[in-house]
Amino acid sequence: MKTKIVTLAIPLIFFTPAYLFAGPGGKIVTAVTGTLWGRIAIGTLGMIFVPLILYAMIKEYRAKRRAYKDLAFMAGMDPKFEWLKIKKRILDCFHHVHGLWRRGELSQGASWMTRWYGQNQQIRFLDRWRREGLANICKVHDVSAIFPILFIHKNRDGIPHEGSELIVSVTARMRDYLKERKTGRIVEGSRKRKDVESVWSFVLENGRWLVSNVEEDYLTLDYAELRKYLPPIEETLIDDIKANASET
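Following our numbering, the numbering of the sequence shown begins with 1 at its first residue and continues without gaps.
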């Protein structure tokens, strides 16, 4: 959580990096925390922003609690909302999407990501890097944490649960850097393993959870804020599901 707050402040106060984009979602893991001055800056800012950090932690906790509660309610209607099943699906998507990204070809990712996301990332980043003679090395070593931030139940086009959205935080230890194909020179990032937290968005399409976006970790707080605008989960059910729920 501290890194979310500090991530916002460090570039503005201490650094002005020309961020390149890499890895699913686009941002190369920065090496700021790998230097002595970077760690000192983070420690100092951490002390200054303690009240803000505590506020953010509370907001994140409440968002997680609401998401878990709503998913548990919906799991009583349909097993595809059971958190353990969703968590396994997220983990599978995480590894498969990174594998496709590492190969520089997302066209085979229909089972793991939405068509829009695959095409968007292919055109914006992977194809451009190929033309520029660059390659993104993005290797996942292990995933240490997955938890929901926001769950929005939908019934798109009158189809129960279709289009439902789930925003999750994923923390993984990984290597992520951009290098020149011919020389192997690293132009952004580092070969060092780092703990990386990112925000992954999923949408339920035809009964499958698919990756629809990948964003930076500080956006966790923005998504957590949306919790207070959600209607009670019971109000999102269509009539026939409500009837079944009342019978049970």
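The beta carbon of each residue, even a glycine, is placed where N, CA and C say it ideally should be.
Taking 7 Å as the cut-off, the Cβ atoms of Ile-86 and Asn-155 do not count as close. Per DSSP, reduced to three states, the secondary structure at Met-77 is coil, with no helix or strand assignment. In the structure shown, Arg-66 falls within a helical segment according to DSSP collapsed to helix, strand and coil.
Of the candidates Thr-220, Leu-230, Phe-73 and Pro-24, the residue whose Cα lies closest to the Cα of Pro-148 is Thr-220. Following the DSSP letters along the chain, one finds Leu-219 in no beta strand (DSSP E), marked with neither H nor E.
Boundaries of the alpha helix (DSSP H) around Asp-92: 83-103.
By the Cβ test, the region 40-57 is not in contact with the region 198-215, since fewer than three Cβ pairs between them sit closer than 8 Å. Closest option to Val-140, judged by alpha-carbon separation, among Gly-163, Val-211, Gly-99 and Asp-127: Gly-99. Ranked by Cα distance from Thr-183, the options Tyr-68, Leu-134 and Asp-142 are led by Leu-134. Lys-64 counts as buried, since no fewer than 16 other beta carbons sit within 10 angstroms of its beta carbon. Of all alpha-carbon atoms in Glu-188, Asn-213 and Ser-190, the one lying nearest the alpha-carbon of Ser-198 is that of Asn-213. Cβ-Cβ separation between Gly-189 and Leu-178: approximately 6 Å, consistent with a contact (criterion under 8 Å). Under DSSP, Asp-157 takes part in no beta bridge, so it has no partner. Phe-147 sits in a strand when the DSSP states are folded into three classes. Using a C-beta cut-off of 8 Å, the region 89-104 makes contact with the region 166-176, since at least three inter-stretch Cβ pairs fall below that distance.
By the beta-carbon neighbour count (other beta carbons within 10 angstroms, threshold 16), Arg-124 is exposed.
According to the DSSP assignment, Tyr-177 belongs to the beta strand (DSSP E) that extends over 165-180. Rounded to the nearest angstrom, the gap between the Cα atoms of Leu-84 and Val-203 is 17 Å. Just so you know, the alpha carbons of Ala-67 and Arg-115 end up roughly 26 Å apart. Taking all protein chains in view, the Cβ of Glu-60 is crowded by 16 or more other Cβ atoms within 10 Å, so the residue is classified as buried.
Beyond the five residues adjoining it in sequence on each side, Leu-226 comes within less than 7 Å, by CB distance, of Leu-150 in the same chain, given in chain order. Counting along the chain, the unbroken beta strand (DSSP E) around Gly-189 starts and ends at 186-205. The alpha-carbon separation between Arg-191 and Arg-181 amounts to approximately 15 Å. About 14 Å separates the Cβ atoms of Ile-167 and Tyr-229, ruling out a contact at the 8 Å cut-off. Bounds of the alpha helix (DSSP H) holding Gly-118 are 115-121.
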